[in-house]
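Participant: Below is the structure I would like to discuss, written out as structure tokens.
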Amino acid sequence: MALLPSSLNALQTSRRPILQAGALGLLGLGLPTLWNGRARAENAGGGKAKRCIFLFMWGGPSQLDTFDMKPQAPSEVRGPFQPVATSVPGLQICEHFGHMASRMDRVALVRSLTHDDPAHLSSAHTILTGHLPPTNKSDAAPPSDRDTPHIGSVLSKLRPSQTALPPFVTMPWLALHPAAPGGRAPGQHGGFLGHSYDPFLIEGDPSRDDWSVPALSLADGISSERLLRRKSLLAEIDEQRRRLEQSALGRVVDEQQETAFGLLTSPDVRRAFDIAEEPDDVRERYGKNIHGQCVLMARRLIEHGVQLVSINWHNDGRNFWDTHGNNFNRLKDDLIPPSDRALAALLDDLEVRGLLEDTLVVWVGEFGRSPNINKSTGREHHPYCYSGLLAGGGIRGGAVYGESDATARYPATNPVTPHDFNATIMHALGIDPHATLPDRTGRPRPLYGGTPLETLFG
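Residue numbering for the sequence shown follows the UniProt record's numbering, beginning at 1 and increasing consecutively.
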């Protein structure tokens, strides 16, 4: 992930042999300088949330087979799953969400999400940013500097980190779809704010015993003390940097260096990322799998001061929640169990630790699935009606907002756009509804693209 302007390429190349430390160079190569914004959010949005864990169910979960079942619909619509009662009187969800069934009283369920974009990439941008992408209804347009920033990038700009930890972390990869010509989904980066507001990316599988965060690994034989000596050496020999000292570019380089040194040498940072500190029974409650351990890591990170952690459903090699075929076996065996287990454990932990009240938890995909089951026992893309969950951060547990029609094809009441859903997240986080940020041309861009669902709070 390139972070420095192209004019610094030669500078990077000449420094790397001396300054490389593990996977992270001392210039912050591969590391976003997430906290160089100076603006502050006005806590005018009305929400209680100080932080957010965003669980992005990449691929598009079926609303009919998760949180909006239609047991009275024809067999070619309803499928084989059975509804079960929940802790909210009258509310039923899929039988395979057994852990969440007893915790729905802590969650607000939105059953009327709707838009008209059937493409993975562009609709991902819209749900993650609350704004349409530069190229809508397209799986061919990759990320660009014209994208609207991810909400985590917005927080990074409005509320710069006061610690060595970055304010915005993404795990365990940047969502990409191999069937989409554009590849990686837009809306996951700093967009028009620039690469300084990209997320700190943690890749890999934290359920593996040999997993570590590459960016926090020092090269063999390099101690923290030796790293600090290198920092001193850098200050003496860096003639090129001194020539840049008075420029904005020089300040960016300086901040990236300080960020890199802070991450590599801070015991608090290394402890925050040390998932091995968690007791075995806690790790088992979240699920000893990549998604469960990423969600556990998210809980650790927000406890240490990270403001937003985005968990993208991982690269499972089988198209994620995009179940065009074998929908029911994939959901029952591979997709619902780890999602159900991790979300339930997260809500339990946040509540026990006194963090649920001011931590917003989001569970949503880019769209839903079609009511009709196809010949491959799958469901096609369906953006016209789907479901999402919100919890914590002042959200009223046990609420159900909107309803779908008899086959979950369209909303029957209270349609909610991704713009409204994202605005609700911003409202929960106390972001000023009238706030703007300048794009690359200096034009003020509104942060809110929709209207918050204020009735979910209280």
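Yeah, the Cβ is synthetic: ideal placement off N, Cα and C, and Gly gets one too.
Are P337 and L113 touching if we call contact CB-CB under 8 Å?
Facilitator: For P337 and L113, no; Cβs fall outside 8 Å.
Participant: Please report the distance separating the alpha-carbon of S370 from that of S207.
Facilitator: Looking at the two C-alpha atoms, the distance is approximately 33 Å.
Participant: For the segment 312-368, list the alpha helix (DSSP H) runs that are entirely contained and at least 4 residues long, ordered along the chain.
Facilitator: With a minimum length of 4 residues, the continuous alpha helix (DSSP H) runs that stay inside the segment 312-368 are 327-330 and 336-352.
Participant: Helix, strand or coil: which one does DSSP assign to Q293?
Facilitator: Helix at Q293.
Participant: Secondary structure at S112, three-state DSSP: helix, strand or coil?
Facilitator: In this structure, S112 counts as strand in the three-state DSSP scheme.
Participant: Rounded to the nearest angstrom, what separates D117 and P133 at their Cα positions?
Facilitator: Rounded to whole angstroms, D117 to P133 spans 11 Å at the Cα level.
Participant: Identify whether Q63 lies in helix, strand or coil by the three-state DSSP scheme.
Facilitator: Correct three-state label for Q63: helix.
Participant: Determine, using beta carbons only, whether F320 and G59 come nearer to each other than 8 Å.
Facilitator: Yes, the Cβ-Cβ distance between F320 and G59 is below 8 Å.
Participant: Under 8 Å by Cβ, that's how I've got V88 and G398 pegged, so tell me the actual separation to the nearest angstrom.
Facilitator: Rounded, the Cβ-Cβ distance is 5 Å, consistent with contact.
Participant: How many angstroms separate the CA atom of Q293 from the CA atom of L350?
Facilitator: Cα-Cα distance, rounded: 15 Å.
Participant: Give the single residue among V107, V77 and T135 whose Cα lies nearest to the Cα of A119.
Facilitator: Ranking V107, V77 and T135 by Cα distance to A119 puts T135 first.
Participant: Who pairs with L389 in a beta bridge, going by DSSP?
Facilitator: Partner(s): L109 and W363.
Participant: Check whether the Cβ atoms of A140 and G187 sit closer than 8 Å, and answer yes or no.
Facilitator: No, they are not a contact pair.
Participant: From D205, A101 and P279, pick the residue whose C-alpha is nearest to that of H314; which is it?
Facilitator: Closest option to H314, Cα to Cα, is D205.
Participant: Where does the unbroken beta strand (DSSP E) through F168 begin, and where does it stop?
Facilitator: Its beta strand (DSSP E) spans residues F168 to M171.
Participant: One question on the structure: do I431 and L447 come within less than 8 Å of each other, judged by their Cβ atoms?
Facilitator: Yes. Within cutoff.
Participant: Mark E366 as exposed unless 16 or more other C-beta atoms lie within 10 angstroms of its C-beta, in which case mark it buried.
Facilitator: The residue in question, E366, is buried, as its Cβ has 16 or more Cβ neighbours within 10 Å.
Participant: Would you grab the beta carbon distance between A428 and A73 for me? Rounded to a whole angstrom, and I think it's under 8 Å.
Facilitator: That pair is no contact at about 33 Å.
Participant: Suppose contacts are defined by Cβ-Cβ distances below 8 Å. Is A408 in contact with D68 by that definition?
Facilitator: Yes, Cβ-Cβ distance for A408 and D68 is below 8 Å.
Participant: So for T377, helix, strand or coil by DSSP?
Facilitator: Coil, per DSSP.
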